[in-house]
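In terms of this note's numbering, the sequence shown opens at residue 517 and continues consecutively. Cβ coordinates follow ideal geometry from the N, Cα and C atoms, glycine included. Remember, predicted model here, so these are calculated numbers, not experimental data.
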Amino acid sequence: MRWSDLNINAKIRSALGVVLFLAFLMGGYTLVNLVRVNKDIRTLSNQYIPYVDGAIQASQSWWKMSEYIRSYDFTGDEYFLFRSNTEYEIFIGALNNLIEMDEGLGAESNSRVLLPLRENVLDYRAHLDSYFPLQGQMYNSQQGLANNSELLFEAANSYRSNGSVQAAGALAMGIWGSLQADAANRFSVNMETKADELEALSSMVQRNYYPGNIEALLEDFIEAAGQYVDDYTTARQSELKRFEMAKEIMWQIRTVADFGQDQMKSVGESSIITVGRVRSLIIAGVIIMVIIG
Numbered sequence: 517m518r519w520s521d522l523n524i525n526a527k528i529r530s531a532l533g534v535v536l537f538l539a540f541l542m543g544g545y546t547l548v549n550l551v552r553v554n555k556d557i558r559t560l561s562n563q564y565i566p567y568v569d570g571a572i573q574a575s576q577s578w579w580k581m582s583e584y585i586r587s588y589d590f591t592g593d594e595y596f597l598f599r600s601n602t603e604y605e606i607f608i609g610a611l612n613n614l615i616e617m618d619e620g621l622g623a624e625s626n627s628r629v630l631l632p633l634r635e636n637v638l639d640y641r642a643h644l645d646s647y648f649p650l651q652g653q654m655y656n657s658q659q660g661l662a663n664n665s666e667l668l669f670e671a672a673n674s675y676r677s678n679g680s681v682q683a684a685g686a687l688a689m690g691i692w693g694s695l696q697a698d699a700a701n702r703f704s705v706n707m708e709t710k711a712d713e714l715e716a717l718s719s720m721v722q723r724n725y726y727p728g729n730i731e732a733l734l735e736d737f738i739e740a741a742g743q744y745v746d747d748y749t750t751a752r753q754s755e756l757k758r759f760e761m762a763k764e765i766m767w768q769i770r771t772v773a774d775f776g777q778d779q780m781k782s783v784g785e786s787s788i789i790t791v792g793r794v795r796s797l798i799i800a801g802v803i804i805m806v807i808i809g
């Protein structure tokens, strides 16, 4: 039977049936895909977005902590030490939360990076617990030597006509100036060579007679300078180890900063494809209904 042979009522019923079929088809397909999109949105909201936020927070806290430690290295200001400790607590908290969220990612887990990172961070923190006291001891030794040098300089100026005092004072001030230059340039190797100069100054003190408290000040200077060289060398060696440990962690942190972004991109692209398919079906259905109508 041809379409033209049908009466008007049959044509209307047939057209209405096609329209209803298309409506149910589009509605069912749209509903299924909306459920899928809603699931993707929940995954983004409950999993990937918090995961990315956690990765970013961990990364930012690490960089802040590193900058505070660097500032403390150069200034010895306890404020930067306090801030570095505060940022560490924020960082390790963010890292632990990230590891906890990572456990729910299944096959997409980044535990191969996060777990070794946490171990390295804990080792790094253990090193900092010994590193900071060494830095503080070095700064105290530096300040003590500066005070001894100032007292010696003022006392030596009171004996300008005494050649022995002026010679010993000049050698001591030369050593102090050289130590300051090495500290400014962070040349701990050069400092170790000052042992010969300090030995020469010590021999000079033993051979000569010095008036007033000059001899005691020279002996205090020699002791303080030797202590400062030892403390500075130890602190710089510890700093070098800290730098190497931090460098390894830095590369891991850069990887962590990108965690979750690929998953978010994948979910976003999947949702775009789903919405596009629904739109295409609706357009096709409307065109068919217009033709039938």
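Measuring alpha carbon to alpha carbon, tell me which residue in Gln768, Ile798, Ser796 is nearest leucine 633.
Along the sequence shown, read from residue 1 onward, the residue named residue 633 stands at position 117. Answer by Cα proximity: Gln768.
Can you give me the C-alpha to C-alpha distance between glycine 622 and alanine 697, rounded to a whole angstrom?
For the purposes of this step, residue 622 is taken as residue 106 along the sequence shown, with counting starting at 1. For the purposes of this step, residue 697 is taken as residue 181 along the sequence shown, with counting starting at 1. Roughly 56 Å separates the two Cα atoms.
Since tyrosine 595 is in the alpha helix (DSSP H), which residue starts that stretch and which ends it?
In the sequence shown, counting from the first residue as 1, residue 595 sits at position 79. Counting along the chain, the alpha helix (DSSP H) containing tyrosine 595 begins and ends at 594-618.
Hey, would you say asparagine 636 sits closer than 8 Å to isoleucine 765, going by beta carbons?
Here residue 636 refers to the residue found at position 120 when the sequence shown is read from its first residue. Here residue 765 refers to the residue found at position 249 when the sequence shown is read from its first residue. Yes, the Cβ-Cβ distance between asparagine 636 and isoleucine 765 is below 8 Å.
Below 8 Å between beta carbons: does that hold for serine 575 and glutamate 603?
The residue you call residue 575 lines up with position 59 of the sequence shown. The residue you call residue 603 lines up with position 87 of the sequence shown. Not in contact: serine 575 and glutamate 603 (Cβ atoms no closer than 8 Å).
For the alpha helix (DSSP H) containing glycine 570, name the first residue and the last one.
On the sequence shown, residue 570 is found 54 positions in, with the first residue counted as 1. Start and end: 565-591.
Considering only C-alpha positions, which residue in the set Asn664, Asn613, Gly693 is nearest to proline 566?
The residue you call residue 566 lines up with position 50 of the sequence shown. With distances taken between Cα atoms, proline 566 lies closest to Asn613.
State buried or exposed for alanine 595, treating a residue as buried only when at least 16 other CB atoms are found within 10 Å of its CB.
Start at 1 with the first residue of the sequence shown, and residue 595 comes out as number 79. The identity of residue 595 in the sequence shown is tyrosine, whereas the question assumes alanine. Looking at its Cβ environment, which holds fewer than 16 other Cβ atoms inside 10 Å, tyrosine 595 is exposed.
For glycine 728, does the three-state DSSP call read helix, strand or coil?
Along the sequence shown, read from residue 1 onward, the residue named residue 728 stands at position 212. The answer is coil: DSSP assigns glycine 728 none of H, G, I, E or B.
How would you call tyrosine 748, buried or exposed, if buried means at least 16 neighbouring beta carbons within 10 angstroms?
Taking the first residue of the sequence shown as 1, we reach residue 748 at position 232. Buried is the call here.
With distances taken between CB atoms, is the gap from phenylalanine 737 to serine 657 smaller than 8 Å?
Taking the sequence shown and counting its residues from 1, the one referred to as residue 737 is at position 221. Taking the sequence shown and counting its residues from 1, the one referred to as residue 657 is at position 141. Not in contact: phenylalanine 737 and serine 657 (Cβ atoms no closer than 8 Å).
Can you tell me whether isoleucine 585 is buried or exposed, with buried defined as 16 or more other CB within 10 angstroms of its CB?
Residue 585 sits at position 69 when you count from the first residue of the sequence shown. Buried, because 16 or more other Cβ atoms sit within 10 Å of the Cβ of isoleucine 585.
Considering only residues of the same chain and omitting the five flanking positions on each side of leucine 457, which have a CB-CB separation below 8 Å?
What the structure shows of the chain is the stretch from 517 to 809, and residue 457 is not part of that stretch, so it cannot be assessed.
Take aspartate 639 as the anchor and find which of Glu760, Arg770, Val772, Gly620 has the nearest alpha-carbon.
Looking up residue 639 in the sequence shown gives position 123. Ranking Glu760, Arg770, Val772, Gly620 by Cα distance to aspartate 639 puts Glu760 first.
Quick check: what's the CA-CA separation for leucine 733 versus asparagine 673?
Counted from its first residue, the sequence shown places residue 733 at position 217. Counted from its first residue, the sequence shown places residue 673 at position 157. If I take the Cα positions, the gap works out to 13 Å.
Considering tyrosine 640, what are the terminal residues of the alpha helix (DSSP H) in which it resides?
As a working note, residue 640 is residue 124 in the sequence shown. Per DSSP, tyrosine 640 belongs to the alpha helix (DSSP H) from 627-672.
For the candidate residues Asn601, Val568, Gly592, whose alpha-carbon lies nearest to that of isoleucine 582?
For this step, residue 582 is matched to residue 66 along the sequence shown. The sequence shown places serine at residue 582, rather than the isoleucine named in the question. The shortest Cα separation from serine 582 among Asn601, Val568, Gly592 belongs to Asn601.
For arginine 752, is the classification buried or exposed, using 16 other Cβ atoms within 10 angstroms of its Cβ as the cut-off for buried?
The count along the sequence shown starts at 1 and reaches residue 752 at position 236. Answer is buried; the Cβ neighbour count reaches 16.
Kindly examine the ligand FAD and report whether one of its heavy atoms sits closer than 7 Å to the Cβ of tyrosine 726.
With respect to small molecules bound, the structure shown includes none, and the ligand FAD cannot be examined in it.
Taking a contact to mean a Cβ-Cβ separation below 8 Å, would you say lysine 710 touches leucine 687 in this structure?
Mapped onto the sequence shown, residue 710 falls at position 194. Mapped onto the sequence shown, residue 687 falls at position 171. No; because the gap between Cβ atoms is not below 8 Å, this pair is not in contact.
Suppose contacts are defined by Cβ-Cβ distances below 8 Å. Is alanine 684 in contact with methionine 720 by that definition?
Taking the sequence shown and counting its residues from 1, the one referred to as residue 684 is at position 168. Taking the sequence shown and counting its residues from 1, the one referred to as residue 720 is at position 204. Contact flag set, yes.
Please state if the CB of leucine 650 and the CB of serine 754 are separated by a distance shorter than 8 Å.
Numbered from 1 along the sequence shown, position 238 holds the residue referred to as residue 754. Numbered from 1 along the sequence shown, position 134 holds the residue referred to as residue 650. Closer than 8 Å, so yes.
Can you list the alpha helix (DSSP H) stretches of 4 or more residues lying completely in the stretch 679-761, in chain order?
If we require 4 residues or more, the alpha helix (DSSP H) runs fully inside the stretch 679-761 come out as 679-701, 704-708, 710-723.
Buried or exposed, going by whether 16 or more other CB atoms sit within 10 Å of the CB of arginine 558?
Taking the first residue of the sequence shown as position 1, residue 558 is located at position 42. Result: exposed.
Could you tell me how far apart the beta carbons of alanine 502 and glycine 660 are, in whole angstroms, since I believe they sit closer than 8 Å?
The requested residue 502 is not part of the displayed model; the chain covers only 517 to 809.
Rounded C-beta distance between arginine 758 and leucine 644? I'm assuming under 8 Å.
Mapped onto the sequence shown, residue 758 falls at position 242. Mapped onto the sequence shown, residue 644 falls at position 128. Right, their Cβ atoms sit about 7 Å apart.
Give me, in chain order, the residues of the same chain whose beta-carbon lies closer than 6 Å to that of glutamate 713; leave out the 5 immediate sequence neighbours on both sides.
One-based indexing of the sequence shown puts residue 713 at position 197. These residues qualify, in order along the chain: Ile691.
Which of helix, strand or coil does DSSP assign to arginine 676?
Here residue 676 corresponds to residue number 160 of the sequence shown, with the count starting at 1. Reduced to three states, the DSSP call for arginine 676 is coil.
Alpha carbon to alpha carbon, how far is leucine 756 from aspartate 589? Give it in angstroms, no decimals.
The sequence position of residue 589 within the sequence shown is 73, counting from 1. The sequence position of residue 756 within the sequence shown is 240, counting from 1. Taking the straight line joining both Cα atoms gives about 12 Å.
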